[in-house]
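Taking this note's numbering, I'd label the letters of the sequence shown as residues 1 to 263.
For glycine and all other residues, C-beta sits at the position ideal for the given N, C-alpha and C.
Encoded as structure tokens, the structure appears first; notes follow it.
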Amino acid sequence: MTSDLAIEFARKIRAREQAVGYWAVLDAPVATERIGRLGYDYVALDAQHGLLGYSGVLNGLMAIDAGHTAVGMVRVEANDFTAIGKALDAGAVGVIVPLVNNAADAAAAVAAAKYPPMGGRSYGPMRSALRIGPVPGDSNAATLVFAMIETPEGLANVKEICATPGLDGIYVGPSDLAIAVGGAFPGDPAIEAEFNAALETIADAAASAGIAAGIHTAAGEIAAQRLRQGYTFTTVASDLTHLELAAKAHLAAARSNAGNAEG
């Protein structure tokens with residue numbers, strides 16, 4: 001059987017209806033479960049730069065599913081058959097594939113995520129069969145594949161990438177994209193115009209191809225801005241950065257109030 005939540009999320013993304021997600025980099029299933037119940041459409045686990053291995057991805061996906069609210073996605077560590085297959089076998093509804101430079105890279109990602117005849121995914125749905133499948137055709141229909149646009153080559157070839165059969169969307173990695181357009185560091189104000197132009201180029205390419213455009217953002221306010229600009233889905237920040245920001249704010253508040261106390 002295929003879960004209604006997975007089917008509805010796939011339909012929503014393919015119809016280019018707006019969605020908001022959250023980014024998790026910590027191997028902290030209880031925290032991930034709590035985040036997954038807040039009302040986000042999806043929670044994405046970062047297996048590329050995040051601090052969690054395969055068991056962390058598996059436990060994180062189970063934690064997300066326990067809330068019956070959000071779906072779980074995984075940014076895999078590489079555009080690799082094994083990495084993509086394992087994430088999907090663990091129960092991910094979609095995969096975000098990094099460092100896609102051209103249409104051939106995008107086609108390889110689709111092939112790794114889809115069972116024959118659409119692709120070459122090996123059959124072994126250890127956990128995903130509980131939610132997505134186990135019939136290969138059902139899995140193919142509910143599984144989403146996103147190609148990251150974050151390199152100079154990916155930006156130059158974005159139209160061809162978006163035209164890849166079976167690709168559900170593209171996903172902007174803003175830190176690498178900033179460097180790709182000449183920034184000295186992510187958020188470099190010197191390349192603000194070039195960066196914004198790249199964002200428009202990417203969104204327009206996705207819209208022309210009829211697929212979704214997603215993007216990572218540092219805060220909810222930026223996420224709302226990107227949705228207004230025409231992006232289909234946006235991911236907010238990460239558990240690690242929010243933990244640090246909250247702890248820092250509470251520390252500042254405690255020390256400030258303590259200084260005002262009467263002796």
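Do residue i and residue j have their C-beta atoms within less than 8 Å of each other?
i: Ala106; j: Ile161; result: yes
i: Val43; j: Gly36; result: yes
i: Ala142; j: Val97; result: no
i: Gly166; j: Thr232; result: no
i: Gly350; j: Asp65; result: The shown model of the chain, from 1 to 263, leaves out residue 350, and the question about it has no answer.
i: Thr234; j: Val20; result: yes
i: Asp204; j: Val25; result: no
i: Thr164; j: Ala207; result: no
i: Val95; j: Val135; result: no
i: Leu52; j: Asp27; result: yes
i: Asp80; j: Ser128; result: no
i: Asn101; j: Asn59; result: no
In angstroms with no decimal places, state the Cα-to-Cα distance between residue i and residue j.
i: Asn196; j: Ala237; result: 19 Å
i: Ala47; j: Ile179; result: 21 Å
i: Ser256; j: Leu61; result: 40 Å
i: Tyr171; j: Ala212; result: 8 Å
i: Pro116; j: Tyr22; result: 31 Å
i: Leu227; j: Asp41; result: 14 Å
i: Met126; j: Ile132; result: 11 Å
i: Arg16; j: Ala184; result: 33 Å
i: Arg34; j: Ala193; result: 38 Å
i: Gly276; j: Ala249; result: With the chain running from 1 to 263 in the structure shown, residue 276 is simply not present.
i: Gly210; j: Ala258; result: 56 Å
i: Val181; j: Ile13; result: 28 Å
i: Asp176; j: Leu130; result: 36 Å
i: Ala224; j: Lys159; result: 25 Å
i: Thr82; j: Gly220; result: 33 Å
i: Leu99; j: Ile84; result: 14 Å
Report the residue from the options whose alpha carbon sits nearest the alpha carbon of residue i.
i: Gly124; options: Lys86, Val110, Val95, Val100; result: Lys86
i: Val57; options: Gly230, Val93, Gly39; result: Val93
i: Ala218; options: Ser122, Gly230, Gly67, Gly173; result: Gly173
i: Gly187; options: Ile222, Ile13, Ala209; result: Ile222
i: Thr32; options: His68, Arg14, Glu8; result: His68
i: Gln229; options: Leu177, Leu99, Gln18, Glu8; result: Gln18
At a cut-off of 7 Å, is residue i close to the ligand GTP when judged by its beta-carbon and the heavy atoms of the ligand?
i: Cys162; result: Absence of the ligand GTP is noted for the structure shown, with no ligands found whatsoever.
By a C-beta neighbour count over all protein chains shown, 10 Å radius and 16 as the cutoff for buried, is residue i buried or exposed?
i: Asn54; result: Before going on, a small fix: residue 54 reads as Tyr here, not Asn. Exposed, because fewer than 16 other Cβ atoms sit within 10 Å of the Cβ of Tyr54.
i: Pro189; result: exposed
i: Ala10; result: buried
i: Ala63; result: buried
i: Glu77; result: buried
i: Gly214; result: buried
i: Ala253; result: exposed
i: Val292; result: This structure leaves residue 292 out entirely; the chain is present only between 1 and 263.
i: Asp119; result: Note on identity: in this sequence residue 119 is Gly, with Asp being the wrong assignment. Gly119 comes out buried.
i: Arg121; result: buried
i: Val30; result: exposed
i: Leu264; result: This structure gives no information on residue 264, because the portion of the chain shown stretches from 1 to 263.
Problem - Inter-stretch contact at 8 Å, needing at least 3 Cβ pairs: the region 188 to 204 / the region 234 to 248 - result: In short, these stretches do not touch, since the Cβ pair count stays below three.
Exercise for the section: Say whether the region 150 to 160 touches the region 108 to 121, bearing in mind that this needs 3 or more beta-carbon pairs closer than 8 Å, one atom from each stretch. Expected result: Not touching, per the Cβ criterion.
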